[in-house]
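First the structure, in the form of structure tokens, and then the observations on it.
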């Protein structure tokens, strides 16, 4: 027993106090005349207690006993029942529901280092109605819903840590609108970045956010993706004008709009961006587009030290040089590259 006393005790007195506490015995009366308050050093900080009460604390609270081992981590019991699978198949179609182990494993991983944590079932949605039906049926059964895009994220949010249903929206891959004059477009969440830019190639416009993978627009919006082009074009928060999402109760909400200037209450668009599917399943995204540059040049510049490189980067931005991206490689990075 480790005691930090607010008064001076002899070694023998301290031993008596410790022995009484370990055996859960009353404190001897001669020692009740001592200061009366002690501070106990335990794994968690405990308030000062009267001496008699402190001596009667169980050994676990005093930190003297061996703490019990943590309970083993167990997967929760399956909640996707055969009845729910039958309802889902009737709502979205027989071929859009799967419980095959290979399919479940593919929907329980992304590009992060986290362990594979597969869901209990997978549903492929091809329309907003499919998403609404799946969310409402899962809500009735208390089953978690995990939206899934191309699986290229690094956040680990596709892991089914509590079981549930993986809702794959890669089938919702239609480009609904391209407004060349207004420089915006409307897409479904399964549209990928490269698919959109290939469609925009003939218009002189492009979508600049490049997270380094051919990710889906819905997944990029849900994770607040960025990339090296963020220096000039910003992140997804700066390039999403509005969206539609299905909430946990099956209701559909529309946020934002095409108007660049607006003060219509809460900015729910920015709330849903980066929510990683915890607030709703995104079904449509309206994006801001940019003009393709007439020429692109690149350069590699060497500096004597890191400070000189940083100062030059700051000066370029302050002078208004239209730099799309800047990357710095220090000596350790160069060793890794070479």
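Numbering (the numbering used here), first residue to last: 3 to 340.
Idealized CB from N, CA, C, for every residue including glycine.
Here the structure is a predicted model, which is why all the values come from computation and not from measurement.
Measure the CB-CB distance between residue i and residue j and report whether it falls below 7 Å.
i, j, result
"residue 192", "residue 181", "no"
"residue 257", "residue 244", "yes"
"residue 231", "residue 212", "yes"
"residue 247", "residue 289", "no"
"residue 325", "residue 331", "no"
"residue 155", "residue 124", "no"
"residue 225", "residue 143", "no"
"residue 276", "residue 249", "no"
"residue 233", "residue 327", "yes"
"residue 199", "residue 208", "yes"
For residue i, is the classification buried or exposed, using 16 other Cβ atoms within 10 angstroms of its Cβ as the cut-off for buried?
i, result
"residue 88", "exposed"
"residue 110", "buried"
"residue 218", "buried"
"residue 128", "buried"
"residue 43", "The predicted position of residue 43 is uncertain, since its pLDDT is 38 and thus under 50; a value taken from the coordinates is nonetheless stated next. Result: exposed."
"residue 241", "buried"
"residue 135", "buried"
"residue 101", "exposed"
"residue 227", "buried"
"residue 97", "exposed"
"residue 194", "buried"
"residue 149", "buried"
"residue 303", "exposed"
"residue 196", "exposed"
"residue 99", "buried"
"residue 210", "buried"
"residue 202", "buried"
"residue 94", "buried"
"residue 267", "exposed"
"residue 133", "buried"
"residue 229", "buried"
"residue 112", "buried"
Once DSSP output is grouped into helix, strand and coil, what is the label at residue i?
i, result
"residue 103", "helix"
"residue 181", "strand"
"residue 314", "helix"
"residue 290", "strand"
"residue 205", "helix"
"residue 1", "The chain is shown only over 3 to 340; residue 1 falls outside these bounds and no answer can be derived."
"residue 263", "coil"
"residue 256", "strand"
"residue 277", "coil"
"residue 2", "There is simply no residue 2 to check, as the chain begins at 3 and stops at 340 in what is shown."
"residue 220", "helix"
"residue 165", "strand"
"residue 133", "helix"
"residue 93", "helix"
"residue 299", "coil"
"residue 334", "helix"
"residue 242", "strand"
"residue 250", "coil"
"residue 154", "coil"
"residue 108", "helix"
"residue 43", "Confidence is the limiting factor: at residue 43 the pLDDT is only 38, short of 50, which leaves the residue's position unreliable, though a coordinate-based value still follows. Three-state result, residue 43: coil."
"residue 189", "strand"
"residue 215", "coil"
"residue 127", "coil"
"residue 339", "helix"
"residue 147", "strand"
"residue 119", "coil"
Just checking residue i against the ligand ATP - is the residue's beta carbon closer than 6 Å to any of the ligand's heavy atoms?
i, result
"residue 199", "The ligand ATP is not part of the structure shown, which contains no ligands of any sort."
If residue i sits next to residue j, beta carbons under 8 Å apart, how far is it from one beta carbon to the other, in whole angstroms?
i, j, result
"residue 187", "residue 291", "6 Å"
"residue 116", "residue 166", "Their Cβ separation, rounded to whole angstroms, is 16 Å, which puts residue 116 and residue 166 out of contact at 8 Å."
"residue 190", "residue 271", "Not a contact, Cβ separation roughly 17 Å."
"residue 221", "residue 287", "The pair is not a contact, with the Cβ atoms about 10 Å apart (cut-off 8 Å)."
"residue 294", "residue 206", "6 Å"
"residue 153", "residue 171", "Going by Cβ atoms, the distance from residue 153 to residue 171 rounds to 12 Å, so no, they are not a contact pair."
"residue 305", "residue 299", "About 19 Å separates the two Cβ atoms, so there is no contact after all."
"residue 147", "residue 81", "Not confirmed; about 12 Å, so no contact."
"residue 137", "residue 252", "5 Å"
"residue 139", "residue 106", "At roughly 19 Å, the Cβ-Cβ gap does not stay under 8 Å, so residue 139 and residue 106 are not in contact."
"residue 184", "residue 239", "Wrong, their Cβ atoms sit about 20 Å apart, outside the cutoff."
Contact the stretch 103 to 122 vs the stretch 157 to 177: 3+ CB pairs below 8 Å:
yes
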